[in-house]
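Shown next, in structure tokens, is the structure this report addresses.
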Amino acid sequence: MATRHLARSIVLQSLYEWDFSGRKRDLVAMVQRNMDEFGPGINEPEFIWKMVDGIVKHLPEVDGIISKSAVEWPFEQISLIDRNVLRIGVYELIFVDKEEVPYKVAINEAIELAKNYGGINSGKFVNGVLGTVFKNLEEVSKEN
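With numbering that gives the first Met the number 0, the residue at position 102 of the sequence shown is 101, and numbering never jumps.
Below, the structure written as structure tokens:
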């Protein structure tokens, strides 16, 4: 498994666990435990911390973008796995430098996470929502 893909998996596992606990448990401890257990010797631990910190910092905005882009699914009805995969994808599309993570990579990585950890239709769902986010990004870019 590629290092960054493994890093995203650790981020997903940690965010899922945090969300499942009602955000009452210590996210930092969860991330550290998951890094120790699933990613010993991972090359870029700072990538994991940067993603977790960024997603949490921008959580209301990221969740708002997901809600606007998944119009047929109320946010609360999106499964916890899909919701957190989308948080990773939206965060990378909106807030991460495109030189570091190109749009195509952000979308493909999120789809792969959804296929690996989500339900049977998770990959298609994540692809559709992130496709909408990307389309809206392109429209905003054209307007500016």
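Glycine residues also receive a C-beta, built at the ideal position from the N, C-alpha and C atoms.
Between the region 81-94 and the region 48-63 there are three or more C-beta pairs closer than 8 Å, enough to call the two in contact. Annotation for residue 80: 11, 15, 113, 116, 117, 118 and 121 place their beta carbon closer than 8 Å to its own, counting only its chain and skipping 5 residues before and after. Burial check for residue 38: the Cβ neighbour count within 10 Å reaches 16 or more, so the residue is buried. Boundaries of the alpha helix (DSSP H) around residue 53: 44-56. A direct Cα-to-Cα measurement between residue 22 and residue 43 gives close to 25 Å. The beta carbon of residue 74 sits closer than 8 Å to those of 62, 65, 66 and 82, all from its chain and outside the five residues before and after it, given in chain order. Within the same chain, Cβ atoms closer than 7 Å to the Cβ of residue 24 are found at 17, the five residues on either side in sequence being excluded. Separation of the CB atoms of residue 84 and residue 109 is rounded to 5 Å, and the pair is thereby assigned contact status at 8 Å. Contact check for residue 68 and residue 131: beta-carbon distance about 4 Å, within the 8 Å limit, so the pair qualifies.
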